[in-house]
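One structure below.
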Amino acid sequence: MSTAALPETLAPAAAPARDGGALACRDVSVAFGPTLVLEDVSLDVRPGEVHVLIGPNGAGKTTLANVISGHVSARAGSVTLDGVPLSGPPHRRARRGLGRKFQIPRVFPRLSAREQLELAAPDADVSGLEPQLRELGDTPGAELSHGWRQWVELQMVLLQRPSVIVLDEPTAGMPRSERGALANAIEAVPFGSFLVVEHDLDFVARIADRVSFMHNGRLLRTGRFAELAGDPLVREAYMGTSAHAG
Ligand SMILES: Nc1ncnc2c1ncn2[C@@H]1O[C@H](COP(=O)(O)OP(=O)(O)OP(=O)(O)O)[C@@H](O)[C@H]1O
Ligand SMILES: [Mg+2]
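Just so you know, we're using our numbering here: the sequence shown kicks off at 31 and counts up by one.
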């Protein structure tokens, strides 16, 4: 097991201005059988922003991420990237510039971090990642700490240079001590717009340009973190419940 902590030197202190895609969801509804799990959800991720989706367990956050990436079909509504409909299976959306990281890191157990990255993006320039790759050396994926696994999977997505990056609970299962480095890593990415599903409100406060709040399949609020944190509806439905990595 690699016990190395993620280096705090991953990032500059200030978030860079980024170029990124404009993602728009309009009136998206999803039903699983007779159950409506998303109802008329509209959400804009502005170019270059970090937009965080919060809400209680079962609110529909992952389902919305799955609609965007093409893993779940909406029964109504639309998703566009830079004004052009985003449709078809996940790989087609990836080619349009949509990057998706799942909640459970999908790293190959026997490959080193360098091999994983070479496999994900054979032509990509990994020179910017050399300090971390040297530190990890030949450690196979199965022996990486959870934080490093998250880091490897994030880099596998980023090496494709997506214009919109969707992350579902990137801190899940990660010790608090490693979350600051992950926030640094996200802030340091010089391109892309981010949509991040997250329960850890300290982490949300740290990375979010804007936050949207979902509850029972509806998107009820969008604003700055401080605005939502002070909103009685959000406080009652979410802040009062115990956050959990679901
Ligand atoms: N494949 C599925 N079939 C049936 N119901 C599903 C399916 N996936 C999700 N659901 C239901 O849809 C609702 C929304 O689930 P979703 O996973 O999107 O919530 P979430 O906001 O991501 O929750 P969490 O914070 O726990 O991850 C839940 O009631 C869930 O049980
Ligand atoms: Mg979820």
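From the three backbone atoms N, C-alpha and C, an ideal C-beta is built for every residue, glycine too.
### Task
In the DSSP assignment, find the beta strand (DSSP E) that holds residue 85 and state where it starts and stops.
Run containing residue 85: none; DSSP gives neither H nor E here.
### Task
Check whether the segment 118-128 touches the segment 84-103, taking contact to mean three or more Cβ pairs, one atom from each stretch, closer than 8 Å.
yes
### Message
Can you determine whether any heavy atom of ligand 1 sits closer than 8 Å to the C-beta of residue 200, and answer yes or no?
### Response
no
### Task
Mind checking which residues open and close the alpha helix (DSSP H) that includes residue 156?
Taken as a continuous stretch (DSSP letters only), residue 156 belongs to no alpha helix (DSSP H), as it is neither H nor E.
### Distance cut 6 Å, beta-carbon to ligand 1 heavy atom: residue list by chain order
62, 67, 85, 87, 88, 89, 90, 91, 92, 93 and 276
### Query
I think residue 198 touches residue 227, with their Cβ atoms under 8 Å apart; what is that distance to the nearest whole Å?
5 Å
### Query
Any heavy atom of ligand 2 closer than 8 Å to the CB of residue 71?
no
### Task
Ignoring anything shorter than 4 residues or poking outside the segment 56-121, list the alpha helix (DSSP H) runs there in chain order.
91-99
#### Entry: Whether residue 107 touches residue 74 by CB criterion (9 Å)
no
### Message
Helix, strand or coil, according to DSSP, for residue 175 in the structure here?
### Response
coil
### Reduced DSSP secondary structure (H/G/I, E/B, other) of residue 227
strand
### Message
Please classify residue 57 as buried or exposed, where buried requires at least 16 neighbouring CB atoms within 10 angstroms.
### Response
exposed
### Task
Decide if the segment 228-246 is in contact with the segment 201-210; the criterion is three or more beta carbon pairs, one per stretch, under 8 Å apart.
yes
### Message
By alpha-carbon positions, which one of 182, 192 and 156 ends up nearest to residue 212?
### Response
182
### Query
Beta carbon of residue 139, beta carbon of residue 172: below 9 Å?
yes
### Message
Report the CB separation of residue 55 from residue 109 in whole angstroms; it is logged as a contact under 8 Å.
### Response
5 Å
### Query
Which residue comes first and which comes last in the beta strand (DSSP E) that contains residue 130?
128-131
### Query
Mapping DSSP to helix, strand and coil, what is residue 243?
strand
### Message
Residues in the same chain with beta-carbon distance under 8 Å from residue 34, minus the five sequence neighbours each way, listed in chain order, please.
### Response
Only weak support exists for where residue 34 lies, its pLDDT of 48 falling under 50; the coordinates are left without a value.
### Query
Does the Cβ of residue 192 have 16 or more other Cβ atoms within 10 Å, making it buried, or fewer, making it exposed?
buried
#### Entry: CB contact flag (residue 240, residue 76, <9 Å)
yes
### Message
According to DSSP, is residue 53 part of a helix, a strand, or is it coil?
### Response
strand
### Message
For residue 86, count the other beta carbons within 10 Å of its own beta carbon; 16 or more makes it buried, fewer makes it exposed. Which is it?
### Response
buried
### Query
Under the criterion of a Cβ to heavy atom distance below 8 Å, does residue 227 qualify as lining ligand 2?
yes
### Query
Can you list, in chain order, the residues of its chain whose CB lies under 7 Å from that of residue 31, leaving out five sequence neighbours each side?
Confidence at residue 31 is low in this model, with a pLDDT of 44, below 50, so its placement is unreliable and the value that follows should be read with caution. Only 173 and 175 meet the Cβ criterion.
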